[in-house]
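Have a look at the structure below, then the notes.
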Amino acid sequence: MLIIGELINTSRKLIREAVEKKDGNYIQEIAKKQEEAGATYIDVNCGTFMQTEVETMEWLVENILQATDLPLCIDSPNPLALEAGLKKVKNGKPMINSITGEDERWNTILPLVKKFNSKIIALCIDNTGMPKTQEDRLRIADSLITKLTGEGIALDDIYIDPLIKPISAGQNNGIEVLSAIQKIMESYPGVHTTCGLSNISYSLPARKVLNRLFMVQTMARGMDSYIMDPTNKEMRGALLASQTLLGQDRFSRKFIKAFREGLYE
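All letters in the sequence shown, in the order written, are residues 1 to 265 by the UniProt record's numbering.
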């Protein structure tokens with residue numbers, strides 16, 4: 001299970017304030033907390049600083065690397081900011097968030113994937129737009145996987161994001177994604193799937209409950225990576241318990257260890 005810690009994102013008020021004040025200690029603290037909570041990658045996103053994104057990305061990466069040896073997921077729609085961050089990465093195999101099947105995005109991001117030998121999150125979007133059905137997701141995922149592997153990218157480095165839409169906007173939006181995840185993972189042994197979870201609950205009450213339960217449902221369909229807050233005890237607890245029930249925790253060791261450390265009440 002690959003967990004991409006999502007907290008270093010300047011859309012978050014405290015992170016934005018830390019960047020504005022150049023408070024590197026706070027950024028390092030958040031990076032350490034995510035590592036301690038079980039993150040395997042640290043996501044770095046400063047897209048709200050559009051005018052200074054390149055410089056801000058460099059500053060963030062430099063500070064994060066002082067606090068953790070975890071590899072980084074460089075997250076931006078701006079290829080210049082992506083490259084700036086990737087050039088600073090020293091820990092492990094980097095990840096890029098993200099590429100799509102859209103011509104412009106594909107042509108600007110693919111060279112970076114190759115240049116830095118990175119893992120890549122591939123969103124199920126193409127020139128026709130966002131997917132509406134399971135069939136749309138499967139068609140786009142098939143195209144992305146075929147094109148990426150054709151360019152020499154290993155299946156193990158590809159993370160397909162099926163794009164979650166709010167259940168409030170369509171009662172089948174959850175099951176469409178679940179069905180797509182299962183089909184993708186069955187059709188391409190070795191490929192990975194990932195997502196952020198919060199879209200599923202948009203505009204509904206008790207969002208954390210819906211996010212947590214949807215994570216468990218996606219795990220049962222084969223999803224093996226999440227962009228999430230690993231410091232959230234309820235989410236982490238649900239993830240570890242689900243891994244145990246799905247046979248992904250040998251002798252339940254991780255679950256027992258987490259219980260002994262007080263994760264479960």
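Even for Gly, the Cβ is constructed at its ideal location relative to N, Cα and C.
Hey, residue i and residue j are a contact pair by Cβ (cut 8 Å); roughly how many whole angstroms apart?
i           : j       : result
Gln-34      : Leu-2   : Contact flag wrong, Cβ pair sits at about 13 Å.
Ala-84      : Met-57  : 5 Å
Ile-167     : Ile-120 : About 28 Å separates the two Cβ atoms, so there is no contact after all.
Gly-101     : Leu-155 : Between Leu-155 and Gly-101 the Cβ distance is about 17 Å, and since that is not below 8 Å, they are no contact.
Leu-197     : Met-215 : 6 Å
residue 280 : Lys-233 : The structure shown does not extend to residue 280, since the chain is modelled only from 1 through 265, so no value can be given for it.
Gly-247     : Tyr-264 : Not quite, the Cβ-Cβ distance comes to about 20 Å (not below 8 Å), so this is no contact.
Ile-99      : Leu-110 : 7 Å
Lys-88      : Glu-62  : 6 Å
Tyr-159     : Ser-252 : About 27 Å separates the two Cβ atoms, so there is no contact after all.
Leaving out the 5 sequence neighbours to the left and right, which residues in its chain are closer than 7 Å to residue i when beta-carbon positions are compared?
i       : result
Leu-82  : Ile-74, Ser-76, Ile-96, Leu-112
Thr-133 : Glu-176
Cys-46  : Thr-10, Val-19, Glu-53, Thr-56, Met-57, Leu-60
Met-130 : Leu-163
Leu-245 : none
Ile-27  : Ile-8, Ala-18, Leu-60, Asn-63, Ile-64
Name the residue from the options whose alpha carbon lies nearest to the alpha carbon of residue i.
i       : options                            : result
Thr-128 : Arg-139, Lys-119, Ala-122          : Arg-139
Asn-199 : Lys-208, Thr-193, Val-191          : Lys-208
Asn-78  : Lys-93, Met-50, Pro-94, Glu-102    : Met-50
Leu-148 : Glu-176, Gln-171, Ser-118, Asp-136 : Ser-118
Met-257 : Leu-240, Leu-245, Lys-93           : Going by the sequence as given, residue 257 is Lys instead of Met. Ranking Leu-240, Leu-245, Lys-93 by Cα distance to Lys-257 puts Leu-240 first.
Met-235 : Trp-106, Ile-181, Met-130, Asn-211 : Asn-211
Glu-36  : Leu-70, Gly-150, Gln-182           : Leu-70
Leu-123 : Glu-29, His-192, Lys-254, Tyr-26   : His-192
Ala-106 : Asn-91, Glu-151, Leu-245           : In the sequence on display, residue 106 carries Trp and not Ala. Comparing Cα-Cα distances from Trp-106 to each of Asn-91, Glu-151, Leu-245, the minimum goes to Glu-151.
Asp-103 : Asp-126, Gly-92, Asn-91, Lys-114   : Asp-126
Thr-146 : Gly-170, Ser-187, Gly-174, Glu-135 : Ser-187
Arg-16  : Thr-48, Glu-135, Phe-259           : Thr-48
Asp-157 : Pro-94, Leu-80, Glu-261, Glu-29    : Pro-94
Ala-141 : Met-185, Leu-80, Gly-170           : Met-185
Arg-137 : Asn-173, Lys-115, Lys-114          : Asn-173
So, at 6 Å on beta carbons, what are the nonlocal neighbours of residue i in its own chain, with the 5 sequence-adjacent residues on each side left out?
i       : result
Asn-31  : Reading off the sequence shown, one finds Ala at residue 31, where the question assumed Asn. These residues qualify, in order along the chain: Ile-42, Ile-64, Ala-67, Thr-68.
Ile-4   : Tyr-41, Asp-43, Cys-73, Ile-227
Cys-195 : Asp-161, Ile-164
Ala-39  : Ile-3, Gly-5, Pro-230
Met-223 : Ile-181, Thr-193
Ser-201 : Arg-207, Leu-210, Asn-211
Leu-14  : none
Gly-92  : Pro-71
Name the DSSP bridge partner or partners of residue i?
i           : result
residue 325 : Residue numbering for the chain in the displayed model covers 1 to 265; residue 325 lies beyond these limits and cannot be assessed.
residue 278 : The displayed coordinates of the chain run from 1 to 265. Any statement about residue 278 would go beyond what the structure contains.
Thr-193     : Ile-160
Asp-75      : Asn-97
Is the CB of residue i under 8 Å away from at least one CB in chain D?
i       : result
Ala-220 : Included in the structure is just one protein chain, with no chain D present.
Quick one: residues in its chain with C-beta nearer than 8 Å to the C-beta of residue i, no 5 flanking neighbours on either side, listed in chain order?
i       : result
Leu-178 : Gln-217, Thr-218, Arg-221
Asp-249 : Leu-240, Gln-243, Phe-255
Which residue spans inside the segment 81 to 166 form an unbroken alpha helix (DSSP H) run of at least 4?
103 to 115, 134 to 150
(Q) Going residue by residue through the segment 196 to 256, where are the continuous beta strand (DSSP E) segments of at least 3 residues, counting only ones entirely within it? (A) 225 to 228
Could you name each continuous beta strand (DSSP E) segment of 3 residues or more that falls completely within the segment 41 to 73, going from the start of the chain to the end?
41 to 44
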